[in-house]
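>
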Amino acid sequence: MSKKISVGFVNTQKTAGRSSKIPVVLRLQNRSKLPVANMIIEIEYYNTLDGDKNTMKINTPLYPDDVQYLTLHVSAKHYGTVRMNIKRCRIVDMLKLFKIRVSTDAASRLFGESTFTIVPDYIPIENNIANYAEMGLETDDYSKTSKGDDPSEIFDIHEYHDGDKINRIHWKLTAKQDKTMVKDYSLPISNSIVLMADLNLDTNTDDYMLVYDTLVEAIASISYYLIENDTPHKVVWYDKKKDLSEVVNVTDEESARLLISLLLQASVYDEPDLSMINYINEPERYKCGHLMYFSPAYNSNLSGAMNDNDLAFRYSYMLITNKKKDDVINDEFAEVVNVTAKHVAESIQEICL
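In this text, residue positions in the sequence shown follow our numbering: the first is 4, and each later residue adds one.
(1) Is the CB-CB distance between Thr18 and Val122 below 8 Å?
(2) Indicate whether at least one CB of chain D lies closer than 8 Å to the CB of Arg86.
(3) Taking only three categories from DSSP, how would you classify Asn252?
(4) Measuring CB to CB, does Leu75 end up less than 8 Å from Val27?
(5) Excluding the 5 residues preceding and the 5 following Leu262 in the sequence, name in chain order all residues of the same chain whose CB lies nearer than 7 Å to its CB.
(6) Reducing DSSP to helix, strand and coil, say where Ala348 ends up.
(7) What are the partner residues of Glu162, as DSSP defines its beta bridges?
(8) Buried or exposed, going by whether 16 or more other CB atoms sit within 10 Å of the CB of Thr67?
(9) Based on the DSSP output, what are the partners of Asn57 in its beta bridges?
(10) For Val13, which of helix, strand or coil comes out of DSSP?
(11) May I ask you to report which of helix, strand or coil DSSP gives Ser117?
(12) Among Ile8, Gly166, Asn14 and Tyr211, which has the Cα closest to the Cα of Glu116?
(13) Under the DSSP definition of a beta bridge, which residues are partnered with Phe240?
(14) Strictly by DSSP, which residues pair up with Phe316?
(15) For Lys36, write down the residues that DSSP places opposite it in a beta bridge.
(16) Are there 16 or more other CB atoms within 10 angstroms of the CB of Glu353, so buried, or fewer, so exposed?
(17) From this set, Cys355, Tyr72, Ser78 and Tyr215, which residue's C-alpha is nearest Gln268's C-alpha?
(18) For Thr63, verify whether its CB is less than 7 Å away from any heavy atom of the ligand PLP.
(19) Measuring straight from C-alpha to C-alpha, what distance separates Ile323 and Glu162?
(20) Quick one: Cα of Ala40 to Cα of Thr118, how far?
(21) Taking DSSP as the reference, what is the three-state secondary structure of Ala19?
(22) What's the C-alpha gap between Arg288 and Ile196?
(23) Is it buried or exposed, Ile160, if we count other Cβ atoms within 10 angstroms and call 16 or more buried?
(24) To the nearest angstrom, how far is the alpha carbon of Asp233 from that of Arg317?
(25) Kindly give me the distance between the Cβ atoms of Tyr320 and Asn281, rounded to whole angstroms, as I take these residues to be in contact under 8 Å.
(26) Using the rule of at least 16 other Cβ atoms within 10 Å of the residue's Cβ for burial, across every protein chain shown, is Ile222 buried or exposed?
(27) Three Cβ pairs or more, each shorter than 8 Å: is that satisfied between the region 297-305 and the region 332-343?
(28) Please report the straight-line C-alpha distance between Ser306 and Asp165, rounded to a whole angstrom.
(29) Should Ile25 be labelled buried (16 or more other beta-carbon atoms within 10 Å of its own) or exposed?
(30) Where Lys36 and Thr58 are concerned, what is the direct C-alpha to C-alpha distance, given to the nearest angstrom?
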């Protein structure tokens, strides 16, 4: 009889916020003509970041020759990818004297695993954004929505309007069309602001997941805010598995969502400042306007290394902590900002991006 029973997840992948209840649907099918008084389904679930496994048990009858759907509402405390898999299924008689195990193949006939990603909730911020367009930053990327003053790339060509600069007239096109045509130059943007994540976490401490949440939340909030204000930027972190710096150009909402997805998949490590060390050693990198370094630990030598390698015009050391700190760290090269768990917006509200 157990061979005629199959159990699996219907929705195998979902994305949700940390505050939401996520519906996870199980599909149960009994292809036999006999009912099952009670079936025990054991589901194992864990966040891939810490691997801390938990188990839940579901008891349900199965009707003969029928398909049933059970909806579980689950939530997660921390950001990241949560995996659920069907660990074991057993049929139990009415008196609970006998237990028959449903074979692994039968239990996995549909989908024996479901994953859902817990993404940061949107945190509104209202910071000032500095204009780095006139700092002579080198870049190969230009705004698709805003014009600027970089003559190396043409943003648009249009008919002359009052106020247009004479030196922007496109003389060849004007001669061809018998009307005055003007060039709009492009706005270099990708290297204006770089957000860098140091995923060095001490997994032996009780609060490291909270620190991780705060780091991801801070980067996500600033990144979303920059995109809302038409400010493309880069986000960088070190990928330990690939042994290289991962760089994401965030230019719109779609790339912002991709950034969060990739960042949540990145593994943490126990060596400090690998993101910055690898970034400094990259053979090709451009100087940016503002480098914001998000790290759970302060290294007084690191800002000096940033400055010595001429990585940016401005540096902000975003120190991630789970407790409010009143003490202010004075750094010669960087503005040090304490970013406190559950108080991200309040922590960063004074900084000019």
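Beta carbons are placed, not taken as given, at the ideal position from N, Cα and C, and that holds for glycine.
So, from the data block:
(1) If you check the CB distance, Thr18 and Val122 come in under 8 Å.
(2) Absence of chain D from the displayed structure is noted, only one protein chain being present.
(3) In the structure shown, Asn252 falls within a strand segment according to DSSP collapsed to helix, strand and coil.
(4) Going by C-beta atoms, Leu75 is nearer than 8 Å to Val27.
(5) Take Leu262, set aside five residues on each side of it, and the residues of its chain with a beta-carbon closer than 7 Å to its own are Ser226, Val238, Val251 and Val253, in chain order.
(6) If DSSP states are grouped into helix, strand and coil, Ala348 belongs with the helices.
(7) By DSSP's assignment, Glu162 forms a beta bridge with Met184.
(8) Before going further, note that residue 67 is Pro rather than Thr in the sequence given. With fewer than 16 other Cβ atoms within 10 Å, it is exposed.
(9) Answer is Tyr48.
(10) In this structure, Val13 counts as coil in the three-state DSSP scheme.
(11) Strand at Ser117.
(12) When Ile8, Gly166, Asn14 and Tyr211 are compared, the shortest CA-CA separation from Glu116 is found for Asn14.
(13) Position check: residue 240 holds Trp in this sequence, whereas Phe was assumed. In the DSSP output, where bridge partners are listed per residue, Trp240 has Ala200 and Glu249.
(14) In DSSP, Phe316 forms no bridge with anything.
(15) DSSP lists no partner for Lys36.
(16) Residue environment analysis places Glu353 among the exposed positions, since fewer than 16 neighbouring C-beta atoms fall within 10 angstroms of its C-beta.
(17) Comparing Cα-Cα distances from Gln268 to each of Cys355, Tyr72, Ser78 and Tyr215, the minimum goes to Tyr215.
(18) Ligands displayed in this structure: none; no statement on the ligand PLP is therefore possible.
(19) Taking the straight line joining both Cα atoms gives about 51 Å.
(20) In a straight line, the C-alpha of Ala40 is about 30 Å away from that of Thr118.
(21) Correct three-state label for Ala19: strand.
(22) It is roughly 13 Å from the alpha-carbon of Arg288 to the alpha-carbon of Ile196.
(23) Exposed: under 16 other Cβ atoms inside 10 Å.
(24) Each residue's Cα considered, the two are about 20 Å apart.
(25) No, Tyr320 and Asn281 are not in contact; Cβ-Cβ is about 18 Å, not under 8 Å.
(26) Classification of Ile222: buried, given that the 10 Å Cβ count is 16 or more.
(27) The region 297-305, when compared against the region 332-343, does touch it at the 8 Å Cβ threshold.
(28) Distance between the alpha carbons of Ser306 and Asp165: 47 Å.
(29) Residue environment: Ile25 is assigned as buried (16 or more neighbouring CB atoms within 10 Å of its CB, all protein chains considered).
(30) Near 31 Å, if we compare the C-alpha coordinates of Thr58 and Lys36.
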